[in-house]
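Visitor: Take this structure first; my questions come after.
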Amino acid sequence: MAGARGLAGDLLGRRGARWLHTEGVARRATEAAPTVDAHDRPLLVAAAWLHDIGYADPLRRSTFHPLDGAWHLSDHHWPTLVAGLVAHHSAARFVAAVRGLAPYMHRYDDRRFTTGSLADALTYADQTTGPTGEEMDAEDRMADMLRRHGSDSPNARAHELRAPVIRAAVQRTRQRLDRPGPDAPTALGVPR
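For the numbering used here, add 24 to where a residue sits in the sequence shown, where the first one is 1.
Next comes the structure, spelled out in structure tokens:
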């Protein structure tokens, strides 16, 4: 999706930790792209570039970055699938519920935003990328998030429900990445 990287750069600035994280998530999404249908790969990478744009001050409406980013994308006619993936990235629905924002998430109600290889791959990309763009284990990433946000934060209060969903999405994506494709050689060196 042309323009996703540019929009993210314009809104987040092309420097600092947030930008490094965004670049890292886009890189991980590109690596995970083979786990989704070919026609969804550009949507995955676009959602990766755009997943944190809701942190940009001009977009703040609810102060919940997944929702603020999704609203901006919807308002500017980005594909609904991209906006919905941004709204729900990394199991954001659980944090939205704790924050009393669940009714606003209903605008992004399609199961494709929360279930399946596309949603899994975006969660994988975000949850295996550290705050400054480095590759990171998902467990370490969640622990870091809890440290940064605090023990009484909405993220911490949602963690018990959210963490298993994140773990499962990361695991499923890893399994899909490990699965040989139809052109991979067999033990005899002959393609399948």
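Each residue gets a CB set at the ideal place from its N, CA and C atoms; glycine is no exception. Keep in mind that this is a model prediction, so the values were computed, not measured.
Is the beta carbon of Phe137 closer than 7 Å to that of His112?
Guide: Counted from its first residue, the sequence shown places residue 112 at position 88. Counted from its first residue, the sequence shown places residue 137 at position 113. Contact: yes.
Visitor: Going by C-alpha to C-alpha distance, which of Ala180, Thr46, Arg135 sits closest to Thr156?
Guide: Sequence index remark: in the sequence shown, residue 156 carries index 132 (1-based). Of Ala180, Thr46, Arg135, the residue nearest in Cα terms is Thr46.
Visitor: Please say whether Ile77 and Ala121 have beta carbons closer to each other than 7 Å?
Guide: Counted from its first residue, the sequence shown places residue 121 at position 97. Counted from its first residue, the sequence shown places residue 77 at position 53. No, they are not a contact pair.
Visitor: Buried or exposed, going by whether 16 or more other CB atoms sit within 10 Å of the CB of Leu201?
Guide: Mapped onto the sequence shown, residue 201 falls at position 177. Its Cβ having fewer than 16 others within 10 Å, Leu201 is exposed.
Visitor: Excluding the five sequence neighbours on either side, which residues of its own chain have a C-beta within less than 6 Å of the C-beta of Arg84, listed in chain order?
Guide: Numbered from its first residue, the sequence shown carries residue 84 at position 60. Around Arg84: Asp92.
Visitor: Thinking C-beta only, is Ala56 closer than 7 Å to Ala145?
Guide: Stepping through the sequence shown from its first residue, residue 145 is reached at position 121. Stepping through the sequence shown from its first residue, residue 56 is reached at position 32. Cβ atoms of Ala145 and Ala56: closer than 7 Å.
Visitor: DSSP three-state label for Thr147, please.
Guide: For the purposes of this step, residue 147 is taken as the residue at position 123 of the sequence shown. In this structure, Thr147 counts as helix in the three-state DSSP scheme.
Visitor: Is Glu159 helix, strand or coil when you go by DSSP?
Guide: Translated into positions along the sequence shown, residue 159 becomes position 135. Glu159 falls in the strand class under three-state DSSP.
Visitor: Here's a check: name, in chain order, each residue in its chain whose Cβ is nearer than 7 Å to the Cβ of Val194, leaving out the five neighbours to either side.
Guide: Numbered from 1 along the sequence shown, position 170 holds the residue referred to as residue 194. If we look at Val194 and ignore the five residues flanking it on each side, its Cβ neighbours are Thr147, Tyr148, Gln151, Thr152, Ala162.
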